[in-house]
Every structure is written in C-alpha cells, then in structure tokens.
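*Asks:*
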Amino acid sequence: MVFTPAGNGKLPTKLAVDGEETHNTPTMAVNLKSRLTLMRRIPMPLLSIFIGLFCGLFVWLVLDLVQPQALRSIFAEELKVRLEQQARETLVRFSNTVAAHSSTTRLLANHRHLANYLRPLDWRADDVGPPRFYRKTPPWLPDASLWLSLVQPSHILLLDLQGHSREIYQVGDLPMPKEFSGANEPLSSEHRVLSSLTIFDRKPFLLISEVAEDAAGRIMGSLLLLVPLNEQFLISSQQGVTQSDVVVGLLEADDKHFLASSDEKRLPSGTRFDKAKLEYQIIAQSFFEYEGSAVNMQFATLVPDSIVEATRERVAEFDLQQRLVAAIAFVSVFTLVFFLLSERLNQILRRISVFSQRALGKRQPELKKGNQLFVLEDWIHQFIQGVRETRDEVRLQHESEIQESEALKRTLLETALDSIVTVDQGGEVIEFNNTAEQIFGYKRENVIGRDFSALMLDPESRPSFRRMLGRYLHQMEDLLGEERWEMTAVSFEGVAFPVEVAIKPIRLQTRVVFTVYMHDISNRRKAEQEIRSLAKFPEESPSPVLRVNRPGVIIYANPSSDPLLHYWGCERAQTLPLYWRNRVTEVLDSGSNWESQVSFDRRTYSLQLSPVVDLDYVNIYGRDISAERQAEQQAREHQQELVHVCRLSTMGEMATGLAHELNQPLSAIANYANGCVRRLQLSGQGSDDILHALAQVNTQADRAGEIIRRLRALIGKQAPVRTVADIGDVAREVCSFVEFEARKANVFIEQELGLNYLPVRLDVVQIEQVLLNLLRNALDALMEIPEDKRRLLIRAYCKNDDRVCVEVVDSGTGIDEEARGRLFEPFFTTKESGMGMGLVISKTIIEDHNGAITVECPEEGGTCFSVILPSYRDDDEQ
Ligand code: ADP
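If you count by the numbering used here, then the sequence shown holds residues 236 to 1113, one letter each, in order.
Put into structure tokens, the structure is as follows:
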C-alpha cells in the first residue's frame, strides 16, 4: 500500500514563469499547490534542517543588526567607566607621590641637621641680598640615599620669614628657573603654601614648603623643595602600573596643551590637547588638593585609541563567536525538536492507523515518506470522514437491528409458550401476547387497560402479586436475581389453574413497566404428584433400598433399611463404614454390579450394589434372605440325615460280614484265653506260650476294638468336619471295610495307592462313604460274572496340578447307555434290594467338596467310576 498525499501527488502541469501567468489566479493556485505538494514530500527531519538553517540565518542577521550596536554602546559605556576609573586611579597614585614628597620635606625640615645648620645663622630682614647659590647637595641634609629615593627635587631652597631666598641648592641637572635667578623678591605666598603646582619657564613644578626652625626652636623661615613634574616624576608617580600603554600627563587647562607626560616620545610636552585627542582617549581631572596653585593645571590620563580599538575588536570577535555558537545551537535544537516532533508524529500516525483499524475497520495507508504534519492532517480529515461514514453505517445498522429486534420480540411474544403480559406500575395491562389469549381465553383488546390481578388471578393470589410489584418498584436494584412464585390463575371461563409467575421490571425513559411471565404448571403439578407416588415404591418396599453418592454419603434410605443402618452404625445423610465406601467407589469405577451378604442379629441380607454412573451414585438393593438361608440349612441337615441313613443301611447290609469279622478276633481271644487258663492249671509250665497267648489276646482284642471304632465312626451321626488327609490313606481304609465281602466273592482288591502323597481337604467319613459305595457297587457287579473274570482295582493319582483322582475299576457287567443316563437319579436301581440312593448321595457329597464324579464303561467291559477332587495346597484358605 503506497500512501499518496492529498492532492493526488501530481505536479502542476505548467509552472508560472512569466508575468502574465503569474497574475493568473488559477495558475497561482496551481503554483501554491505544487509548492505545498513539494512540502508534503519533504520529510519532517529534512524540512526541520531547512527551516532550522533559515531561522539560524535569520537570527544571525537580526543579531548582526542589533547586537553590535548594543554591544558598541555597552562597550562605550564600559570603556568610559573603565577609563574614568583608571584616571581616578592614576590621579590617586599621583597624589600619593605628591603626599610622599610632602612628608619627606616635613622630615627634612624638622631634621636636627638643618636645625643645627640654622642656629648660627641670622637672616635679618633689612639685610636681604642675593641668595647664595650652591651647585651641590645641602650639607645639612642627612645621607642622600635616605631621601633621594623618596623625592627627586631639582632645587632646595631656604627661605627667610619674609619669603626671600637665602640659600639655593641645585640638586639635579635642571637650571634654576628664571623666577628665582633674578632679584631676590620674596616668593609669593602661593608658592609658600604647603604644596602647590606651578609653572616655571613653561615647565610644571611641584613646590613643597615646610617651616624651618633652628636648634633653639627659633623659626627661621621655611624649607622649599622645587620638584620638576617631568617624565620621571610622572612615571614614578604611577609606580610602574601604567608602564604599558596608558600615558599620564599634566595639561594646561586654559591653553589646552600638555605640560609634561609620562612618555615624552609619544606625547612630548607642549602637544596640543586636540592633537592628542586624535590618538588617545583622554580623561582630564582637576586638582583639588593643591588649592594654593595659581595655574589651572589638570591631570590627564590618556589611553591610546589602538588599545581601545584592539579591545573593541576582541569584543567584536567574541561577539561573532557567540553569535555563531548561538546560531548553531539554535539550528541544532530546532532540528532536534523537529526531529523528535516528527518521531512523535510518526507514533501518533501509527496509533491513528491502528485505532482507525479497530474503530472503523479501515486501516490507514502505511506511512512511507512525506511530511508527517501534512499526512496527519490528511489522516485526520480521512478519519473524520471515516467516523462520519461509520456513524451513518452504525446508525443504519442500529436501526435495522432495532427493527429486527422488534420483529424478533414480536415473534417471541407471539410464539412464546408462556403467557406474557406487560403491566404498568398500577398493574394495568399494556400488552397481552397470543399464548395469554389462548390460555386465559381473553381477547387482547378486551384486557388492555384493565387491572391484571383482578382479572386473571384468584383472590388469594392478588395480594402477593401486588406485593411483588411493590417490591420490584422500590428495590429494583436489589432484586436482579430471578424469583418465581406459584399462584393460581383464573381463565375467562372461571377455571382456576396453577401458574408460575416471574416478573421482570423494565425501566423506560419516563416510567417503569413490568413484564409478567406466567407458566401453566398444571402438567408439572401432575407429574410431581406422579413422581411423589412413584417415590413411594421404595418407601413401601419391604426390602432395604438405599442410594449412596461417590463419597459414600447416604442420600436416601427407605424405612426397611433401618436395621441395616443400625448395624452399620450410621444414619441418613451420613457416610457408610469405610469397607462399604470402598465398595461404592469400586462399583462406580467398574460400572458393574456387585453382590454381597451381611448377617447380623440372626438375619442375613443379600446386598446388590448397582452403579448409576451418569449421576455418580450407587443404588443398594437389599433382600432379606434369612428364610432362604434357613431352608438351605435345613436341606443340608436333611441331606446329612439322609447320608447317615444311607450309611446305616450300608452298615446293615454289612452287618453279617461285620459279625463274622468280629467273631474271628473274639473266638481267637476266647481260644487264647482258654489256652492260657489251661496252661496256668498245669502249674506254671510253658510261661512263654502263655505270654504268646496273652499277646495274641491283646492283638485280637485291639483288632476287634478297631473294627468297632471304625463301625462307630461310620455309623455315628456327626457334624461334617473338613480335615486335610491323603486320599490314598482314605481309600486304603475303605478297602479294609470291604475286605471281608471281597474275600467272600473271591475278589482281590488291587490297590494302586500311596505312591504319592495326595492331600485333599475333605470330610473323611463322607468321602469314605462315597468310596465304600463305589467299591460295594463294583463287588455287586462282579458277583454277576464268573469268578475267574472278577477283577477290581482302586487307584489314586494326581490328575493335574490342582486335581486328584480316585478311580474304582471293575470288570463287571458294565452299565448300558440308558442306565448310565439315569445313574444319578434318586431311587434308580437295578438291584432287588437296592435303594437307588448310593450314587445320588455320592454325587451330592463330591459336589459339596467342589469335585466331580464320572462314570465310563470301557469297550472291553466293566465299569470305571472316577472321583475328582481339588488338591489341597499349603496356601489354600483355611
Ligand atoms: P443301589 O446300589 O442301591 O442300586 P446305587 O445308587 O448305588 O443304588 O446304584 C444304582 C444302580 O447303578 C445299581 O442298581 C446298578 O444297576 C448300577 N451300578 C452301580 N454301580 C455299578 C457297577 N459298578 N457296575 C454295574 N452297575 C452298577
């Protein structure tokens, strides 16, 4: 996207170049536009540099115009002040030098050398002659070095009281001025004041006088020092301070020429003031201290114009530098400010672009180059235009939405399943929808403006409806939550029906209205009644029914569950014991039913836990199975009774054999006992025989006793007891029971027993009964075939890891197929004296031991019964 600045970025087709076109207004506009377009294309930083340079130049010119002049006046002022100050200083230094001369003069006048010198002299007034002239230093002066360093007089005079020169000493090279070299006229009083400036022979002099006394204290006259105010004096007066360029001089104020200067080469004595003024800045000052001076002499301080000019040039150069620095600083700061401004403008433009995108959905073209200010202006125009367009669009959209919303509202009202009535604050109907018309049987136009509650609610519901309206009216802010009330509505026909009422206040600009939603809840009421009656099922159930949630809390328990709850030690809404809580969780996780039993207080309950996975709870259906358990117990007892009876019957059948079996040991006992008696009667002979006989008695008696014990054990009625025993031992024991019968039938019972230890958890008596029954059936079958073919085998072996098998195999008649199908039916027998219960009971006993009994008839004849029992393992549950 390339940004095109306003004005389409087109250059004017023709530029105004001649006078005619210059006066042409449209051409001017085009020209201006082209310039503006050019301005738009120049980036802000570049523009800022141009403007900065232009402004810097302008500032330079203005400063150049104003500043030098101001500086010049300041310079002149300053120069004036400085010169005046300098002049004052030079004058002060001059005065100080004069004061130093005065002090020295006073010192000389008061010196004892002079007093001693004057003592013998006597200057009489009437004896005035020419003064004595010496070209030498006065002898009465102290050491010359002491004072000559202080004063540089040309002449020293001693005057009498009348002012006549009495002695004149020439100290320097300067000849005596004419005023003194002529007649010895008394010096005018002006020359005898303490210190005065005067001119002798057109040369300035400083006269310093002091009263002179002789050693006797007689005032002799005065000491007068004549000091030429020449170049040396002026130089020394300035103490070397103005050695450089400043010249001081003494000016004859009336005649306007210089009497002396500190630099005779540059400013010779006699130079005219006006001439000197051409080269020097001159400050002339009057002397006030030397009031005794008769001449109008002024002290002048001269500063060469060259120095002033050089200073001025330095100032101008400094001014130029300053201006240059100011202009550069101005351009830099201006450019920087503009640059920062342009960066800021860039940011603003980007934000405007983003804002425009968000607010108006129109992205401003990306800024590539050009002047940001103009771009900003364009964008603001575009943005305002966009805002206007968007506002119009939004207004249109809003209007169409309102229309749609109105249509929707109308449709909603018309198609709503509930009655919707709009009432005002007084409860009068404003709107009435189609459903309300159908349900209440009123026509809309007949109810508008009428009191809603009086018309459509039964008298009992009216007050509460009005209360609701009042509450909403006064606490509208607080009742934002939806509340529903059940009331009784009355239709046009006067039929009352239950409704659920909800009120929604609507705050309009001028008033508050309420929308009343009424939902006919007749059907719901009916359904609730049905649900309530359905809920009575578990309530009335004689069996416990409970509902428990995942954490094990009892949500529901019918009255029949009370014994269970009592047993668990918990109540409704409490949690189940830990064991049952864990079962509930397991059942919910597995999603399948789980059954268990609980017994307490001589009652047994079967409990089925059924998960309701969706709702995350478990239904517990209980059933009192105490009666069933009791019946089972009774059946078991009956069965044991039957087993016992069977055993008795078996024993009855075995009684003859048993009698014979018992008869043998008993007859042996009797024989042995008789033998012993006889031997004892033969007086103690054959004690070994007796001992042998007695041992036999003992053995036989044991044997008889053993037979009786076994019999008792078999016949005895005892509770079933499970013990672990070797099935081989049990089988061997049983063989011994039928040993006699086998012998009688001339059958030898082959035993393959005891090869391995085959432990089985069993009721020994019951398993013996089974094996005994099988062996006796085999013997019965063998009785039907010739003696030489009779074969009987009993063997025990390990069938596989967890099973053992005992087989009773005979070579008897075998069992035909039809009989084999009925073998285990009660009372099935082929024997005349048979009961047909032996195999039935055997099967019951074996299954009771979790085993199985099978029968096979090999092709070569005979029968094979197999008893399979679970092996006992050490880790089996005891
Ligand atoms: P009972 O011996 O009193 O008849 P059982 O239940 O012990 O009752 O036997 C049922 C029937 O099974 C017998 O009458 C007999 O016909 C048949 N039976 C049992 N064992 C054998 C066997 N080893 N050989 C042939 N038939 C047998």
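Think of the CB as a built atom: it goes at the ideal place given N, C-alpha and C, for glycine as much as any other residue.
Here the structure is a predicted model, which means the values were calculated and not measured.
Between the stretch 928-948 and the stretch 904-917, are three or more C-beta pairs nearer than 8 Å?
*Replies:* Contact holds: three or more Cβ-Cβ distances are below 8 Å.
*Asks:* Would you mind giving the Cβ-Cβ distance between P1099 and V1044, rounded to the nearest angstrom? I have them listed as a contact below 8 Å.
*Replies:* Counted from its first residue, the sequence shown places residue 1099 at position 864. Counted from its first residue, the sequence shown places residue 1044 at position 809. The identity of residue 1099 in the sequence shown is Cys, whereas the question assumes Pro. Confirmed, about 5 Å.
*Asks:* Got a sec, what are the start and stop residues for the alpha helix (DSSP H) P439 sits in?
*Replies:* Position 204 of the sequence shown, counted from the start, is the residue given in the question as residue 439. It is not in any alpha helix (DSSP H) - P439 instead sits in the beta strand (DSSP E) that spans K438 to E448.
*Asks:* Report the partner residues of R782 according to the DSSP bridge assignment.
*Replies:* For the purposes of this step, residue 782 is identified with residue 547 of the sequence shown, where counting begins at 1. Answer by DSSP bridge pairing, in chain order: Y791 and N854.
*Asks:* If I measure Cβ to Cβ from H258 and keep anything under 6 Å in the same chain, skipping five residues before and after, which residues do I get?
*Replies:* Mapped onto the sequence shown, residue 258 falls at position 23. Below a pLDDT of 50, predicted positions are generally treated as unreliable, and H258, at 44, falls in that range; the measurement from the model is reported next regardless. So no residue of the chain qualifies.
*Asks:* Between D1037 and S1106, is the Cβ-Cβ spacing less than 8 Å?
*Replies:* Position 802 of the sequence shown, counting from 1, holds the residue named residue 1037. Position 871 of the sequence shown, counting from 1, holds the residue named residue 1106. Closer than 8 Å, so yes.
*Asks:* Just to confirm my understanding: we take R701, look at its own chain, exclude 5 residues before and 5 after, and list those with CB closer than 8 Å. What are they?
*Replies:* Reading the sequence shown from its first residue, position 466 is the one you call residue 701. The answer, listed in chain order, is G662 and S688.
*Asks:* Hey, A966 and A1031 are a contact pair by Cβ (cut 8 Å); roughly how many whole angstroms apart?
*Replies:* As a position in the sequence shown, residue 966 is number 731, starting the count at 1. As a position in the sequence shown, residue 1031 is number 796, starting the count at 1. About 6 Å separates the two Cβ atoms, so the contact holds.
*Asks:* Can you have a look at V1155 and say buried or exposed, based on whether 16 or more other CB atoms are within 10 angstroms of its CB?
*Replies:* With the chain covering 236 to 1113 only, the question about residue 1155 has no answer from this structure.
*Asks:* Which first and last residues belong to the beta strand (DSSP E) in which M455 is found?
*Replies:* In the sequence shown, residue 455 corresponds to position 220, counting from 1. I454 to P463 is the span of the beta strand (DSSP E), which, as asked, contains M455.
*Asks:* Go ahead and label Y992 buried or exposed: buried means 16 or more other beta carbons lie within 10 angstroms of its beta carbon, across all protein chains shown.
*Replies:* To locate residue 992, count along the sequence shown from 1; it is residue 757. Exposed.
*Asks:* Buried or exposed: which applies to D253, given that a residue is buried once 16 or more other Cβ atoms fall within 10 Å of its Cβ?
*Replies:* Walking along the sequence shown from the start, residue 253 turns up at place 18. For D253, the predicted model reports a pLDDT of 38, less than 50, meaning its position is unreliable; a value from the coordinates is still stated below. It is exposed - the Cβ of D253 has fewer than 16 other Cβ atoms within 10 Å.
*Asks:* Among E867, D554 and C881, whose alpha-carbon lies nearest the alpha-carbon of I309?
*Replies:* Within the sequence shown, residue 309 is the residue found at index 74, counting from 1. The shortest Cα separation from I309 among E867, D554 and C881 belongs to D554.
*Asks:* Check each candidate in A948, E876 and K979 and name the one with the smallest Cα separation from E896.
*Replies:* For the purposes of this step, residue 896 is identified with residue 661 of the sequence shown, where counting begins at 1. Out of A948, E876 and K979, K979 has the C-alpha closest to the C-alpha of E896.
*Asks:* In three-state terms, what does DSSP make of N259?
*Replies:* Counting from 1 along the sequence shown, the entry for residue 259 is found at position 24. The pLDDT assigned to N259 is 47, lower than 50, so where the model puts this residue is not dependable, and the model offers no usable value.
*Asks:* Just curious, the beta strand (DSSP E) that I741 is in, first and last residue?
*Replies:* On the sequence shown, residue 741 is found 506 positions in, with the first residue counted as 1. A731 to R742 is the extent of the beta strand (DSSP E) around I741.
*Asks:* Return the Cβ separation of P846 and L811 in integer angstroms, given the expectation that the two are a contact with Cβ distance under 8 Å.
*Replies:* Indexing the sequence shown from 1 puts residue 846 at position 611. Indexing the sequence shown from 1 puts residue 811 at position 576. About 15 Å; that fails the 8 Å criterion.
*Asks:* Whose C-beta lies closer than 7 Å to the C-beta of G1096 among residues of the same chain, with five residues either side of it excluded?
*Replies:* As a first step, residue 1096 is located in the sequence shown; it is residue number 861 there, counting from the start. Answer for G1096: S1046 and G1049, listed in chain order.
*Asks:* I'd like the list of long-range same chain contacts for E514, defined as Cβ closer than 7 Å, with 5 residues on each side in sequence excluded.
*Replies:* On the sequence shown, residue 514 is found 279 positions in, with the first residue counted as 1. For E514, where only same-chain residues beyond five positions count, the Cβ hits under 7 Å are P539 and D540.
*Asks:* Counting C-beta neighbours from all protein chains within 10 Å, is the total for I766 16 or more, i.e. buried, or is it exposed?
*Replies:* To locate residue 766, count along the sequence shown from 1; it is residue 531. Classification of I766: exposed, given that the 10 Å Cβ count is below 16.
*Asks:* Could you tell me the alpha carbon to alpha carbon distance between L1017 and Q875, rounded to whole angstroms?
*Replies:* Start at 1 with the first residue of the sequence shown, and residue 1017 comes out as number 782. Start at 1 with the first residue of the sequence shown, and residue 875 comes out as number 640. Distance between the alpha carbons of L1017 and Q875 is about 30 Å.
*Asks:* Three-state secondary structure (DSSP) at V1043?
*Replies:* Stepping through the sequence shown from its first residue, residue 1043 is reached at position 808. V1043 falls in the strand class under three-state DSSP.
*Asks:* Between E1022 and N981, which are expected to be in contact by the criterion C-beta below 8 Å, what is the C-beta distance as a whole number of angstroms?
*Replies:* By one-based count along the sequence shown, residue 1022 stands at place 787. By one-based count along the sequence shown, residue 981 stands at place 746. Confirmed, about 5 Å.
*Asks:* Our contact map puts L502 next to M532 with C-beta atoms below 8 Å; I'd like the distance itself, whole angstroms only.
*Replies:* Against the sequence shown, residue 502 aligns to sequence position 267. Against the sequence shown, residue 532 aligns to sequence position 297. The pair is not a contact, with the Cβ atoms about 16 Å apart (cut-off 8 Å).
*Asks:* What are the complete alpha helix (DSSP H) segments, minimum 4 residues, inside the stretch 861-949?
*Replies:* The qualifying runs are 861-916.
*Asks:* Are the beta-carbon atoms belonging to N606 and P278 less than 8 Å from one another?
*Replies:* For the purposes of this step, residue 606 is taken as residue 371 along the sequence shown, with counting starting at 1. For the purposes of this step, residue 278 is taken as residue 43 along the sequence shown, with counting starting at 1. The answer is yes: Cβ separation under 8 Å.
*Asks:* Quick test of the definition: if touching needs 3 or more C-beta pairs under 8 Å, does the stretch 358-370 touch the stretch 458-475?
*Replies:* At 8 Å Cβ cutoff, the stretches do not touch.
*Asks:* Counting pairs of beta carbons, one from the stretch 737-755 and one from the stretch 825-835, are three or more of them closer than 8 Å?
*Replies:* No contact exists between the stretch 737-755 and the stretch 825-835.
*Asks:* Taking only three categories from DSSP, how would you classify Q832?
*Replies:* Numbered from 1 along the sequence shown, position 597 holds the residue referred to as residue 832. Correct three-state label for Q832: strand.
*Asks:* G1049: beta carbon under 7 Å from a heavy atom of the ligand ADP?
*Replies:* As a working mapping, residue 1049 is identified with position 814 in the sequence shown. Yes, the ligand ADP has a heavy atom inside 7 Å of this Cβ.
*Asks:* Restricting to Cα atoms, I'd like to know which of G787, M722, N817 and P773 is closest to I756.
*Replies:* Reading the sequence shown from its first residue, position 521 is the one you call residue 756. Of G787, M722, N817 and P773, the residue nearest in Cα terms is M722.
*Asks:* For the stretch 814-823 and the stretch 784-795, state whether three or more C-beta atom pairs, one from each stretch, are separated by less than 8 Å.
*Replies:* Taking 8 Å as the limit for Cβ pairs, the verdict is that the stretch 784-795 does touch the stretch 814-823.
*Asks:* For the beta strand (DSSP E) containing K1034, name the first residue and the last one.
*Replies:* The residue labelled residue 1034 in the question sits at position 799 within the sequence shown. Taken as a continuous stretch (DSSP letters only), the beta strand (DSSP E) holding K1034 covers L1027 to N1035.
*Asks:* By DSSP's criteria, S1101 is part of a beta bridge. Which residues make up the other side?
*Replies:* As a first step, residue 1101 must be located in the sequence shown, where it is residue number 866. E1042 and T1089.
*Asks:* Buried or exposed, going by whether 16 or more other CB atoms sit within 10 Å of the CB of T1065?
*Replies:* Position 830 of the sequence shown, counted from the start, is the residue given in the question as residue 1065. By the 10 Å Cβ count, T1065 comes out exposed.
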